[in-house]
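What follows is a short report on a single structure.
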Amino acid sequence: MNQPVESNRPPRILVVRGGAIGDFILTLPAIGALRGRWPDAHIEILGYSHIIELARGRYYADAVRSIEARAMAGFFVPNGLLDAALSAYFRSFDLVVSYLFDPDHIFADNVRRCGARQVIEASPRPHSAHAAEHYCKPLETLAIYVETAVPRLFLTEEDRAAAGRWLGNRGTEPLVAVHPGSGSDRKNWPAEKFAVVARWLVEKRGAQLLVVQGEADTTVVGEFLRLIKPQTARIAVGLNLVELAALLEQCVLFLGNDSGITHMAAAVGIPTIALFGPFSFPIWKPRPWRAEVRVIAFGDEDVTRVCQAVNELWPPQNVVD
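Numbered per this note's numbering, the sequence shown spans residues 3 to 323.
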């Protein structure tokens with residue numbers, strides 16, 4: 003079935019997406035392909051509220067809904083007792099695309115029981131193709147073919163204005179974002195190496211540092227700050243993801259590990275250096291939207307190599323003699 007709805011009205015489409023920040027960002031090309039195929043569609047995303055807010059009212063989604071509601075529990079039980087309000091919610095959609103890990107089809111079958119007209123099950127676990135391409139592949143059943151799957155975040159003028167207020171009158175130094183953490187210590191480049199590059203950025207490039215600190219980054223960011231001059235840095239902590247994305251867009255460069263924030267930097271279109279550890283970066287590496295992305299694998303990540311990448315990606319208008 004190539005057309006999930008009647009031709010006389012815009013379709014209602016629901017995308018169900020769990021996973022972490024990077025997983026969601028790498029799914030944006032697929033959601034964008036749905037938007038491109040049906041520009042007038044009403045598209046909603048069911049997922050983790052703090053993540054999917056990146057898409058609400060920002061091209062991809064007209065509305066979002068939390069997947070963490072207690073009433074969702076029955077949908078993960080075979081032939082479970084389904085909440086009436088949620089059943090009506092799922093029934094209201096012409097097309098449901100689920101990226102949940104659902105090997106026994108429990109969630110998908112329960113959504114079908116609700117009366118959704120068409121349900122596409124999309125595996126969230128790529129094996130060989132790049133993740134962004136993998137997430138687009140299931141849409142081929144709708145005759146939607148994506149030639150180049152590149153994530154992009156669409157920020158509003160209100161988002162940018164809020165970032166400007168947060169930054170305030172900070173001067174003219176080029177702003178460089180550094181995120182020394184990630185979701186796993188195994189993915190982290192050593193804090194002392196981050197600090198060497200950061201000091202070089204300040205001394206040789208005249209940069210001001212924007213240090214990103216997520217919920218799991220307190221220890222590594224604290225260690226990093228002890229190794230640099232803290233007065234050279236602004237700490238981005240306690241921000242929601244939309245606020246952080248808008249701040250990253252103001253930067254001339256991003257340096258980080260294999261993390262969702264690194265994918266976010268690439269998706270707002272700034273030059274990005276990604277340090278990848280023991281995981282398969284051909285599948286998970288960030289893809290460049292507007293600016294170049296340089297992926298450096300552990301084992302080839304000495305400080306000199308990273309500084310060289312900074313020089314290669316540094317915007318010409320910010321060259322310091």
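From the three backbone atoms N, C-alpha and C, an ideal C-beta is built for every residue, glycine too.
Compute the distance between the beta-carbons of residue i and residue j, then report whether it is under 9 Å.
i	j	result
residue 248	residue 131	no
residue 315	residue 294	yes
residue 286	residue 133	yes
residue 36	residue 146	yes
residue 246	residue 237	no
residue 112	residue 84	yes
residue 128	residue 106	no
residue 175	residue 216	no
residue 308	residue 195	yes
residue 183	residue 259	yes
residue 261	residue 185	yes
residue 77	residue 109	yes
residue 161	residue 244	yes
residue 187	residue 223	no
residue 318	residue 255	no
residue 151	residue 116	no
The alpha helix (DSSP H) with residue i in it runs from where to where?
i	result
residue 24	23-39
residue 313	305-315
residue 247	243-251
residue 265	262-270
residue 56	Careful: residue 56 lies outside any alpha helix (DSSP H) and carries neither H nor E.
residue 100	First-last for residue 100: 97-100, but that is the beta strand (DSSP E), not the alpha helix (DSSP H).
residue 123	No alpha helix (DSSP H) holds residue 123; the beta strand (DSSP E) holding it covers 120-123.
residue 108	108-116
residue 197	193-207
residue 180	Careful: residue 180 lies outside any alpha helix (DSSP H), inside the beta strand (DSSP E) at 177-181.
residue 90	86-93
residue 230	Neither: residue 230 is in no alpha helix (DSSP H) and is coded neither H nor E.
residue 162	159-169
residue 285	283-286
On a Cα-Cα basis, can you pick out the residue from the options that is closest to residue i?
i	options	result
residue 190	174, 240, 134 and 264	264
residue 20	79, 53 and 218	53
residue 1	242, 63, 257 and 310	Here the chain covers residues 3 to 323 and nothing more, so residue 1 does not appear.
residue 153	267, 201, 114 and 65	267
residue 15	48, 23, 27 and 203	48
residue 18	10, 24 and 33	33
residue 50	242, 22 and 38	22
residue 62	234, 171 and 158	158
residue 172	220, 235 and 305	235
residue 144	166, 120 and 135	120
residue 114	88, 139 and 135	88
residue 310	275, 284 and 300	275
residue 25	135, 94 and 218	135
residue 253	232, 299, 166 and 279	166
residue 46	139, 94 and 299	94
Using 8 Å for Cβ pairs, my map puts residue i next to residue j. What's the rounded Cβ distance?
i	j	result
residue 251	residue 272	7 Å
residue 270	residue 155	5 Å
residue 92	residue 99	Contact doesn't hold; Cβ gap of about 12 Å is too wide.
residue 297	residue 203	Not confirmed; about 19 Å, so no contact.
residue 193	residue 225	4 Å
residue 28	residue 101	Going by Cβ atoms, the distance from residue 28 to residue 101 rounds to 10 Å, so no, they are not a contact pair.
residue 13	residue 96	4 Å
residue 305	residue 148	Not really, about 38 Å apart at Cβ, beyond 8 Å.
Following the continuous beta strand (DSSP E) through residue i, name the residue where it begins and the one where it ends.
i	result
residue 46	44-49
residue 259	255-259
residue 66	65-68
residue 275	274-278
residue 238	235-239
residue 129	Neither: residue 129 is in no beta strand (DSSP E) and is coded neither H nor E.
residue 212	210-215
residue 14	14-19
residue 298	295-299
I'd like to know if residue i contacts chain C, where contact means its C-beta is closer than 9 Å to some C-beta of that chain.
i	result
residue 55	No chain C is present in this structure, which holds just one protein chain.
I'd like to confirm something about residue i: is its beta-carbon nearer than 8 Å to some heavy atom of the ligand ADP, or not?
i	result
residue 205	With respect to small molecules bound, the structure shown includes none, and the ligand ADP cannot be examined in it.
### Task
Determine contact between the region 46-58 and the region 124-143, defined as no fewer than three beta-carbon pairs at a distance below 8 Å.
no
### Query
Do three or more CB pairs link the region 177-192 to the region 209-219 at distances below 8 Å?
yes
### Query
Three or more C-beta pairs closer than 8 Å, one from the region 66-84 and one from the region 29-43: is that the case here?
no
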